[in-house]
Each structure stands twice: as C-alpha cells, then as structure tokens.
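Engineer:
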DNA sequence: TCACGGGAGATTGTTGACAATACTGTGGGC
DNA sequence: GCCCACAGTATTGTCAACAATCTCCCGTGA
C-alpha cells in the first residue's frame, strides 16, 4: 500500500521530486530513467535514487526492468480504461459509505462545493471547475473515511494524471459532468447510499466513455 | 502495482521465502523483522533482504518504520472488513466482465467446478471445498481478463490470508456459500453481467458479515 | 551485402564498511 | 523507591567501490 510520509529523508525527497517531474511531463512515458543522471539532478546518492524508483514502481508510475533500469510507465488508453473501471467501483463504494456517515456540517460543505461548481461553469472557468472537481472527490473520500479505498484510489489516480489532463481540457465536458456531480451530492445529502453509489458510478462511466473516444481517435 | 516476476534473483527469493514464512504464521503480526536475522536465515545479503522488505511493504504484508525497521503488519478485523469491502466491489466488476466475455468452453469449466463443489460439500471435505473456492475465483478472474483488477485483488487477498483461514474453518460455512457460488456461476453462464455482479457482491457481503461476527466475539 | 561474434562503454546489481539512530539497562540524585 | 541521564549495544541508513550485465558498434567472414 502506498501513502509514504517522511518528506525529510533523501530518498523521499528524490521520490517526490521525480514524481512531480514525471507528472509535469518532463520525463515522457517510455523514457529511460538513468540512476546516475537522476542522482546528479536531484543531488542525492544513487542509492537513494534507487529507493525512490522502487517506491514509484510500487505506485505504478515507473516500471523497473531487471538489469535494464527504470522507465516511465506507459499507460495505454486501454489500461486507462481498466484503471478507471476499478476506480469507478471503488469510488462508488466510497460514495455509498459517505452517504451513511455524512454529518450536517459536511453536508453544507458539499452544498458549497456544488454552488461554486455551478458558478465556475457558468463563468466558463474550466481550470477552477477542475480544481473543484478534485475537491469534491476528496471531500467525499474524507466523509467516507475508508482508508483502504483511499489509498487504492490515490494509486489509481496517480497513474492517470496524463489522461485526466486531456479529459479536463475537453470542451463541453463541465456541462456534462456538472449535473452528475450535483446528483452525487444530492444523494449523499439525502443519506441514500444506493443512489450515491449509482450516481458516482454513472459519473465515472461517462468519463470512461470519453476515454474510449480518445482511443478511437488515436489521440494517445 | 505488485505482480513481481523473476523468482531467480536473490531479492525475489528472499521476498517469496519471507512472504511464505509470514503467511505460514512463522512471524506473527507485530513481530519485528530484523534484517540481519533474515539475511542469515535466507542466505542472502542484507541488501537483498531490504529490497524484499520494501516489496512486501508495497504489498501491505509488512510495515517499515523509519530507523526502526520492519514488522509484520497487523490487520485488525476493522481493516479486514475494509479490505473485503473493496474486494467486494472489485470482484463484482470482475464477475460482471466475466459474464460478457465467457466462452462456451469456459462455461463448462465453471460447471465442472460447481459440480465438484457440490460433491465436496456433501462429502464434508472442507479443505477441498476451500481449494475449489480459490479455483473458482481464479477462473472468473481469468475469464474477465482484467489485469488492473487482478493485481488489486491479489494485493488485497495477500493481506487477508490470516482472516480467511479463520473463515474457512467456520463450521457450516460451505453450506452457506455453496448456493452463492452456484448463483454466480449461473449468472456468468447466462452472460448476465448485472446479475453476476450482484451475486458476487452478495457473496462477499456475506463473508464480511462473518468477519463482523469475529469482531464482536473478540476472536482476533 | 548480410550474419555473426566480440569487445568497449554504459548502466545496473551487490557488497562490505561505516555512520546515524533507536533501544536497553545501569547508576546517581532526589 | 522513583525518575532521569548516560553509556553501551543492537539495528537500520548510507555510501563508494566493485562486479555483473546489457547495449551498441565495429570488424570479420561468407
């Protein structure tokens, strides 16, 4: 299970620096990650680079091949769909559980997010909407308090950043997903686990449909 | 993501040996795993022991604390329930997908397992039934061909062996789970994904109920 | 021209030693 | 008797050097 604290140790520093570099797109999928180079770049010993690479391999962000070193893992659209399918059912579980545990205070926080989302969409602020999207999902996870599901979702998300970026940039996407988000929020506020799960699953299913579109268009 | 091949390298040897030792119960939850000791026991260098420990930590089987070494991870009944909940939804996904992809040949293999299960139950062969249980779930995963789900389920299962052992030893358990298994098989054979998912989820939900029983009884 | 082998360079795998840290028990002060 | 500081030990963290392996290119022979 992922979730690594300790941002102080050199290995952890290297790990986070490398993680961000990969997510930022500085190292492209399939690109080799040479230990000596990384060691120099991040100013840590090769030993620590190795540790970092192993950690990131556990997160599915890089792939290490015996005697051949590490490379940025390439996740095909097919894989992205698989990953999203798993995310769909796990986030469904989380949504259901959130519906059974939500407090009144959390319910109004959900409402607030819904309001901000509507505003962002009507103002055409896509970036802001995307941030709110993350905030909403994170809030739901917090409400659910399901650590096992949390860490799995975190791992899955980590592998998808590149694809998710493409999705969020799709024109018209917010208009489609806003009502889905509203439905999820409403179900949780009504403390209806079944409906919350269904709503969450349909939401992510629609994301998957979009991924399938990419696949057909050969965009990745 | 787990799934590590290469049983030839020393680190992999150590990893598998240690994994089995833990699963066999030679090292109890909470027990410290001293690198030097393991190094001597498995005849590999401390370096390789370290690598093995890191790998097993990624699998959630051990926990490594900075400057304090590794110990066998203790999974409480609460956690076991959380893990099983995630497993429930992911295996549900797998069952649904199996229903859409099953070939005629695979369908008859499912039938065969069902037959053997019925025989094992009526003959009171619990150990055999437990093996068939594993075979059934594995077969369903093969049919589904969902690698992401597979590797997650493998990780989750690995953390549960201790609890699963207790479950399978429960008297009367096979009589409860046999009809559930039959229902799953039937749904897949009918190529009914929705029903397959529901049946699988209800099956695992019933396992979770049993775990809750342990919790109340303070058995773990 | 092509297939093959072999060697140089690049890169990863492994080791043993040492440094840093945590644990344990002992003795002194109160 | 109890608490705390302190030293000694056990254990993990890190490193730099060396070994093993792979990759790529070049020369040789057919």
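Residue numbers (this note's numbering), protein chains in the order written: chain A, 1 to 220; chain B, 1001 to 1220.
In this text, a Cβ means the ideal position worked out from N, Cα and C, and glycines have one as well.
1. Can you grab the Cα-Cα spacing for the pair residue 1068(B) / residue 1152(B), in whole Å?
2. Report the residues of the region 150 to 177 of chain A with a CB closer than 7 Å to any CB of chain B, ordered along the chain.
3. Go to residue 1064(B), then tell me how far its beta strand (DSSP E) extends in each direction, as first and last residue.
4. Among the candidates 1032(B), 1041(B), 1026(B), whose CA atom is the shortest distance from the CA of residue 1014(B)?
5. Can you pull the chain B neighbours of residue 83(A), defined as C-beta to C-beta under 7 Å?
6. For the pair the region 57 to 64 of chain A and the region 178 to 192 of chain A, tell me if three or more CB-CB distances fall below 8 Å.
7. In the DSSP assignment, what residue or residues form a beta bridge with residue 32(A)?
8. Can you check whether the C-beta of residue 79(A) is within less than 8 Å of a C-beta belonging to chain B?
9. Residue 27(A) by DSSP, collapsed to three states: which one?
10. Under a three-way DSSP split, which group does residue 1150(B) fall into?
11. With burial defined as no fewer than 16 other Cβ atoms inside 10 Å of the residue's Cβ, what is the status of residue 1200(B): buried or exposed?
12. What's the C-alpha gap between residue 28(A) and residue 22(A)?
13. By Cβ distance, which residues of its chain are closer than 7 Å to residue 204(A), with the 5 residues on each side in sequence left out?
14. Just to confirm before moving on: does the CB-CB distance between residue 135(A) and residue 94(A) stay below 8 Å?
15. Is residue 1142(B) close to chain A? Criterion is C-beta to C-beta, closer than 8 Å.
16. With 8 Å as the threshold, decide whether the Cβ of residue 58(A) is near any Cβ in chain B.
17. Using a Cβ-Cβ cut-off of 6 Å (strictly less than) and excluding sequence neighbours within five positions of residue 38(A), which residues of its own chain qualify?
18. If you measure from the beta carbon of residue 1009(B) to each beta carbon in chain A, is any gap under 8 Å?
19. Taking only beta-carbon positions, decide if residue 93(A) is within less than 8 Å of chain B.
20. Can you pull the chain B neighbours of residue 90(A), defined as C-beta to C-beta under 8 Å?
21. Quick one: does residue 200(A) have its CB under 8 Å from some CB of chain B?
22. Less than 7 Å between C-beta atoms, sequence neighbours within five positions excluded: which residues of the same chain meet that for residue 19(A)?
23. At the level of alpha carbons, what is the spacing between residue 1197(B) and residue 1097(B)?
24. With DSSP collapsed to three states, give me the class of residue 1195(B).
25. With 7 Å as the limit, tell me which residues of the region 1062 to 1074 of chain B have their beta carbon closer than that to any beta carbon of chain A; keep them in chain order.
26. If you follow the alpha helix (DSSP H) that residue 1180(B) is part of, which residue opens it and which one closes it?
27. Would you mind stating whether residue 1046(B) and residue 1035(B) have Cβ atoms separated by less than 8 Å?
28. Closer than 8 Å, CB to CB, is residue 13(A) near chain B or not?
29. I'd like to know whether the C-beta of residue 1204(B) is nearer than 8 Å to at least one C-beta of chain A.
30. What in chain A is Cβ-close to residue 1190(B), meaning under 7 Å?
31. Could you work out which residues of chain A lie near residue 1054(B), taking near to mean beta carbons separated by less than 7 Å?
32. Among the candidates 118(A), 123(A), 195(A), 109(A), whose CA atom is the shortest distance from the CA of residue 177(A)?
33. For residue 1180(B), which residues of its own chain have a beta-carbon under 8 Å away from its beta-carbon, when the five flanking residues on both sides are left out?
34. Measuring only the C-alpha atoms, how far is residue 1017(B) from residue 194(A)?
35. Short check: CB of residue 110(A) to CB of residue 139(A), under 8 Å?
36. Check the C-beta distance from residue 212(A) over to residue 81(A) and give it rounded, since I have them as a contact under 8 Å.
Structural biologist: This is what the structure holds:
1. Cα atoms of residue 1068(B) and residue 1152(B): separation of roughly 28 Å, rounded to the nearest angstrom.
2. When C-beta distances to chain B are compared with 7 Å, the residues of the region 150 to 177 of chain A below that value are 152, in chain order.
3. Element bounds for residue 1064(B): 1062 to 1065.
4. It is 1041(B).
5. Within chain B, the residues near residue 83(A) are 1148.
6. No, the region 57 to 64 of chain A does not touch the region 178 to 192 of chain A.
7. For residue 32(A), the pairing in a beta bridge is given by DSSP as 71(A).
8. So, interface residue.
9. Reduced to three states, the DSSP call for residue 27(A) is coil.
10. DSSP places residue 1150(B) in helix when its eight states are reduced to three.
11. So residue 1200(B) counts as buried.
12. Those two C-alpha atoms are separated by around 7 Å.
13. Closer than 7 Å at Cβ, skipping near neighbours: 84, 87, 88, 91.
14. No, Cβ-Cβ distance for residue 135(A) and residue 94(A) is not below 8 Å.
15. Not one chain A Cβ lies under 8 Å of residue 1142(B).
16. With 8 Å as the cut-off, residue 58(A) counts as an interface residue toward chain B.
17. Answer for residue 38(A): 49, listed in chain order.
18. Taking Cβ atoms only, chain A reaches closer than 8 Å to residue 1009(B), which makes this a yes.
19. So yes, residue 93(A) belongs to the interface.
20. For residue 90(A), the chain B residues whose C-beta falls within less than 8 Å of its own C-beta are 1086, 1089, 1090, listed in chain order.
21. By this cut-off, residue 200(A) is not an interface position.
22. Excluding positions up to five away in sequence, the list reads 56, 61.
23. The alpha-carbon atoms of residue 1197(B) and residue 1097(B) are separated by roughly 9 Å.
24. In this structure, residue 1195(B) counts as helix in the three-state DSSP scheme.
25. Within the region 1062 to 1074 of chain B, the residues whose Cβ lies closer than 7 Å to some Cβ of chain A are 1066, listed in chain order.
26. Boundaries of the alpha helix (DSSP H) around residue 1180(B): 1173 to 1189.
27. In contact: residue 1046(B) and residue 1035(B) (Cβ atoms closer than 8 Å).
28. By the rule that beta-carbons nearer than 8 Å mark a contact, residue 13(A) does not touch chain B.
29. Chain A contact via Cβ: absent.
30. Near residue 1190(B) there are no residues of chain A at all, since even the closest Cβ is about 21 Å away, more than 7 Å.
31. Residues of chain A passing the Cβ test: 54.
32. Of the candidates 118(A), 123(A), 195(A), 109(A), 118(A) places its Cα closest to the Cα of residue 177(A).
33. For residue 1180(B), where only same-chain residues beyond five positions count, the Cβ hits under 8 Å are 1199, 1202, 1203, 1206.
34. Cα to Cα, residue 1017(B) sits roughly 43 Å from residue 194(A).
35. Yes, they are a contact pair.
36. That belief holds up - the Cβ atoms of residue 212(A) and residue 81(A) are roughly 7 Å apart, short of 8 Å.
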